[in-house]
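If you count by our numbering, then the sequence shown holds residues 375 to 707, one letter each, in order.
To keep things clear, I will list the structure first and then write my remarks on it.
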Amino acid sequence: MAGIFNVLIAMLAGLGAVTLCCIIYSMLRFLTLHLIIPSHPLQSYKRSGPEPTYALVTGSSAGIGLGVAQALVKEGFAIILLGHLAEELAEAKSGLQALRPGAVVRILVMNARTATPEEIKDAVQSIADLQLSILVNNVGGNPVRLPAFRPMATHSSEDIDAVINHNARFMARLTALTLPLLSRNSRPEDRSLILNMSSAAWVGIPWIIMYGATKAFNLGFSCGLARELKASPDTSHIDCLAIVPGEVRSQGNCEGVSDSEPRWDQFGQCIVDKADNAISRNQTHLHPWMMHDFQQKILAALPEGISTAALNDALGKKREAFNSAWERSQKME
């Protein structure tokens, strides 16, 4: 009997040691991902020669997209800004060129929600002569009839189609058309990169259900594409990474957001800083902001009843803040 007891004690001790090692390993991976930052990120995606290496960033006239463009410009990339507001794009271009004098910046004016397949194809064809090595699929939003935070039963067919077109259909079409450009490599060491913007909303959140659902599409699309690209020697030099933001203070997300959350420019820089590390670990997705990553790990560990209550509470407060701001704007008109 004592022998059996000793064996059980030894087994439990071994299990405890393995569990402790796993915890320490996970903590080290978490800390090294967020605390070890390269001095010059994404240099492996630069092409050699006198011609500039371009990054195409969608939804880049403001917000996270502009933040990513700023970070890439500082690393010496030429930028193609894609958005639907010509004046905002021109202002963003001027800002990038002021940030790094001599920066090469081009503009593509296109509405992601309404662009036809032919218009997207023509836009890609217009940049086919450039050395494109990075695609940032950042464009996204919740383009529904206001107020934006509403029960699903109040969404019209037009609302539903607008969100799908804006967040999912456009990025899928653009990626398919851009892949041949990213596949070109004059040297074996030339690499390309696709960054796809998802959201913490992919888990499924109330009152903006279609937004969360399309962000889940972005995540699944990106992870599937990352694996597919590695399966062929013709595309194995293209890396693909989904970016999963939490709350970020920006032009389009300024109500009900804590001052402790990152600004759009801080978050854009964070994406560029940490992408290399995530890709070197063969990650298919990345929570760039350290606190967002920690919060996501906690949420995933909670029982569904507790996580649902927490999400409903947080989104209820955000719904009240956004919708109250909309009501105030209506009274002022």
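Heads up, the beta-carbon is just placed ideally off N, CA and C, and yes, glycines get one too.
Sequence-distant residues of its chain with Cβ nearer than 6 Å to residue i (five each side left out)
{"i": "N485", "result": "H458"}
{"i": "I411", "result": "D647"}
{"i": "S681", "result": "L673"}
{"i": "Y419", "result": "S507, I508, R565 and L567"}
{"i": "L407", "result": "N651"}
{"i": "R623", "result": "V631, E635 and R637"}
Span of the beta strand (DSSP E), counted from its first residue to its last, around residue i
{"i": "D613", "result": "I612 to I617"}
{"i": "G457", "result": "A452 to G457"}
{"i": "M665", "result": "Unbroken run through M665 is the alpha helix (DSSP H), M664 to A675; no beta strand (DSSP E)."}
{"i": "Q704", "result": "First-last for Q704: E678 to M706, but that is the alpha helix (DSSP H), not the beta strand (DSSP E)."}
{"i": "V510", "result": "Q505 to N511"}
Terminal residues of the alpha helix (DSSP H) in which residue i lies
{"i": "Y428", "result": "From DSSP, Y428 is part of no alpha helix (DSSP H) but of the beta strand (DSSP E) over T427 to T432."}
{"i": "I583", "result": "I583 to K604"}
{"i": "V330", "result": "Summary: the structure shown does not reach residue 330, with the chain confined to residues 375 through 707, and so no result is reported for it."}
{"i": "I645", "result": "W638 to S654"}
{"i": "L556", "result": "F544 to S557"}
{"i": "S500", "result": "P491 to S500"}
{"i": "S573", "result": "Per DSSP, S573 belongs to no alpha helix (DSSP H) and is neither H nor E."}
{"i": "K420", "result": "Here K420 belongs to no alpha helix (DSSP H), and DSSP marks it neither H nor E."}
{"i": "G515", "result": "Here G515 belongs to no alpha helix (DSSP H), and DSSP marks it neither H nor E."}
{"i": "S531", "result": "S531 to I538"}
Own chain residues within Cβ distance below 8 Å of residue i, not counting five before or after
{"i": "T658", "result": "S596, C597, A600, R601, C614, L615 and A616"}
{"i": "I501", "result": "Y428, L430, I454, R480, L482 and L555"}
{"i": "N559", "result": "R565, S566 and H611"}
Own chain residues within Cβ distance below 7 Å of residue i, not counting five before or after
{"i": "N686", "result": "P580"}
{"i": "H414", "result": "E449"}
{"i": "N516", "result": "A522, V537, I582 and Y585"}
{"i": "E493", "result": "M484"}
Counterpart residues of residue i in DSSP-defined beta bridges
{"i": "S624", "result": "N627"}
{"i": "H659", "result": "A616"}
Practice problem: Flag this pair as touching only if the stretch 651-666 and the stretch 607-624 have three or more C-beta atom pairs under 8 Å; answer yes or no. | Solution: As far as the Cβ criterion goes, the stretch 651-666 touches the stretch 607-624, which means the pair count is three or higher.
Exercise. Flag this pair as touching only if the stretch 634-645 and the stretch 544-551 have three or more C-beta atom pairs under 8 Å; answer yes or no.
Key: In the pairwise beta carbon analysis, the stretch 634-645 is classified as not touching the stretch 544-551: fewer than three pairs are separated by under 8 Å.
Quiz item: Would you call the stretch 438-456 and the stretch 507-517 touching, i.e. three or more CB-CB distances under 8 Å?
Solution: Result yes; three or more Cβ-Cβ pairs closer than 8 Å.
Quiz item: Between the stretch 602-611 and the stretch 457-474, are three or more C-beta pairs nearer than 8 Å?
Solution: No, because fewer than three Cβ pairs between the stretch 602-611 and the stretch 457-474 fall closer than 8 Å, the two stretches do not touch.
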